[in-house]
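Report on the structure given below.
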Amino acid sequence: MQHPVGSPLPPPHQPGHGPAAGWSPAAHHPGPHQGPAPVPPPPAPGYPLRAPHPVAPQQAPAPHPGPGPHQPAPAPPAPDTTGHVRLPPGGPVAVPSLPPATAAAPDPTTTTLAVLLIGPAGAGKTSVAKYWAEHRRVPTAHISLDDVREWVRSGFADPQTGWNEHSEAQYRLARRTCGFSARNFLANGISCILDDAVFPDRPVVGLGGWKRHVGPGLLPVVLLPGLDIVLERNAERSGNRRLTDEEVARIHGRMAGWYGSGLPIIDNSQLDVPETAHLLNEVLSRSIASPPNW
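For the sequence shown, position 198 (counting from the first letter as 1) is numbered 198 according to full-length UniProt numbering, and the numbering increases by one without interruption.
Here's what the structure looks like:
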């Protein structure tokens with residue numbers, strides 16, 4: 001029988017006898033006498049015993065690579081961080097402030113902003129918001145309430161089948177989720193634009209809710225094209241995003257309440273998406289210099 005590579009094993013222990021007399025590794029390796037083999041250090045507490053590796057004559061064995069019994073444990077990560085990105089402080093987003101030198105002509109394309117784009121179904125909110133976010137010179141995120149609301153895959157409460165407490169609760173939850181996401185982006189230097197069909201006659205669950213979730217620094221802008229335009233755009237939709245003509249007309253009529261509210265309104269009936277986004281920058285420039293009272 002062959003032994004593994006290394007020092008040969010001693011003869012088996014006999015019951016009632018001590019170790020075999022006269023046995024030594026040198027007896028199995030003829031050659032010049034090199035003195036007794038170095039004794040390896042004892043293993044650290046808590047580690048299993050293992051056969052020592054052969055070492056060169058008169059050479060100290062390498063230290064055990066594992067951690068010693070007194071080696072300090074690595075410091076745990078700070079509780080308020082995920083990686084190297086700090087979490088938001090949780091406070092509301094403040095109104096953007098500008099240095100006196102730029103207050104006369106603020107540039108909304110380079111300022112960190114939180115924008116709420118309001119409008120009826122078919123107003124083009126999502127298309128304009130995506131285009132605006134993609135063409136800014138600073139990092140910008142687009143957060144769509146409908147997209148977040150549709151994260152609910154099982155048990156989704158579609159208001160088209162009848163408004164009830166479940167659809168109301170899912171809308172509230174989606175707005176709160178969007179608000180936290182917006183604060184998270186802004187706390188890390190990323191602007192954001194949100195879009196939602198906010199009704200002027202429901203301030204508690206509409207504009208008031210967004211103000212609570214994001215903060216007074218949120219800049220609301222209303223997109224309100226003509227009824228014929230929203231009907232045409234709604235006809236191109238599919239799934240639960242498409243409404244009946246009667247519902248579209250009812251929503252559009254309620255949105256007319258934004259006139260006289262003090263919020264900036266863009267009639268994009270004759271504007272394409274890039275033109276609307278350009279006009280949105282002009283409106284935001286005025287809103288930054290003189291924030292709307294909402």
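All C-beta atoms, glycine included, are put in the ideal place defined by N, C-alpha and C.
(request) Count the other C-beta atoms from every protein chain shown that fall within 10 angstroms of the C-beta of N234, then say buried if there are 16 or more, exposed otherwise. (result) So N234 counts as buried.
(request) Can you give me the start and stop residues for the beta strand (DSSP E) that T140 sits inside? (result) Bounds of the beta strand (DSSP E) holding T140 are 140-144.
(request) Check whether the Cβ atoms of G124 and R237 lie closer than 9 Å to each other. (result) no
(message) Using a 10 Å radius around the Cβ and a threshold of 16 neighbouring Cβ atoms, would you call S290 buried or exposed?
(response) With a threshold of 16 other beta carbon atoms within 10 Å, S290 falls short and is exposed.
(message) If you reduce the DSSP assignment to three classes, tell me which class L224 lands in.
(response) Judged by DSSP in its simplified three-state form, L224 adopts coil rather than helix or strand.
(request) Would you mind stating whether P139 and N281 have Cβ atoms separated by less than 9 Å? (result) no
(message) Would V221 and L207 be called neighbours here (beta carbons separated by less than 9 Å)?
(response) no
(request) State the start and end residues of the unbroken alpha helix (DSSP H) segment that holds S167. (result) 165-187
(request) Give the DSSP bridge partners of A114, in chain order. (result) C192
(request) Could you tell me which residues DSSP puts in a beta bridge with L219? (result) V115
(request) Run the CB neighbour count on P292, radius 10 Å, all protein chains shown included, and call it buried at 16 or more, exposed below. (result) Label assigned to P292: exposed.
(request) Measure the alpha-carbon distance for L284 versus G217 and round it to whole angstroms. (result) Going from the Cα of L284 to the Cα of G217 covers about 12 Å.
(message) How far does the alpha helix (DSSP H) with T276 in it extend, from its first residue to its last?
(response) 273-289
(message) For K211 and E232, I'd like the C-alpha separation in whole angstroms.
(response) Going by the C-alpha atoms only, they are around 32 Å apart.
(request) Please report how far the alpha carbon of T276 lies from the alpha carbon of L223, in whole angstroms. (result) 9 Å
(message) Going by beta-carbon coordinates alone, are L145 and D195 separated by less than 9 Å?
(response) Yes; because the gap between Cβ atoms is below 9 Å, this pair is in contact.
(request) Let me know the alpha helix (DSSP H) ranges lying completely inside the region 240-271, each 4 residues or longer, listed in chain order. (result) 245-255
(request) Pick helix, strand or coil for H135, following the three-state DSSP scheme. (result) coil
(request) Find the nearest neighbour of S167 within the set V152, C178, L243, judged by alpha-carbon distance. (result) V152
(message) For a test of the three-state rule: what should DSSP assign to D147, helix, strand or coil?
(response) helix
(message) Just verifying my parser: in three-state terms, what is the DSSP assignment at Y47?
(response) Since pLDDT at Y47 reaches only 41, below the 50 mark, its modelled position is unreliable, and the value read off the structure follows with that caveat. DSSP places Y47 in coil when its eight states are reduced to three.
(request) Please work out which residues of its chain come closer than 7 Å, Cβ to Cβ, to H29, disregarding the five sequence neighbours upstream and downstream, and give them in chain order. (result) In this predicted model, H29 has a pLDDT of only 46, less than 50, meaning its place in the structure is not dependable; the value taken from the coordinates is given anyway. Closer than 7 Å at the Cβ level, and outside the excluded window around H29, lies no residue.
(request) Reducing DSSP to helix, strand and coil, say where E236 ends up. (result) Shown here, E236 sits in coil according to DSSP, grouped into three states, outside any helix or strand.
(request) Starting from the C-beta of V273, find all residues in its chain whose C-beta is less than 8 Å away, skip the five residues before and the five after it, and write them out in chain order. (result) The beta carbon of V273 sits closer than 8 Å to those of G124, S127, V128, Y131, all from its chain and outside the five residues before and after it, given in chain order.
(message) Does the distance between the C-beta of W132 and the nearest non-hydrogen atom of the ligand PLP fall short of 8 Å?
(response) In the structure on display, the ligand PLP does not appear, and there are no ligands present to speak of.
(message) Please return the same chain residues whose Cβ sits closer than 6 Å to the Cβ of I229, not counting the five positions on each side in sequence.
(response) Answer for I229: S269, listed in chain order.
(request) Output the distance between the C-alpha atoms of G155 and R286, rounded to the nearest integer angstrom. (result) G155 and R286: Cα-Cα distance of roughly 43 Å.
(request) Give the C-beta separation of T111 and I288 to the nearest angstrom, bearing in mind that I take them to be a contact with Cβ-Cβ under 8 Å. (result) 6 Å
(request) Could you check which residue in N184, W294, P225, D201 has the C-alpha nearest to that of G262? (result) W294
(message) Quick check on the burial criterion: 16 or more other C-beta atoms within 10 angstroms. Buried or exposed for G253?
(response) exposed
(message) At the level of alpha carbons, what is the spacing between I265 and E246?
(response) 23 Å
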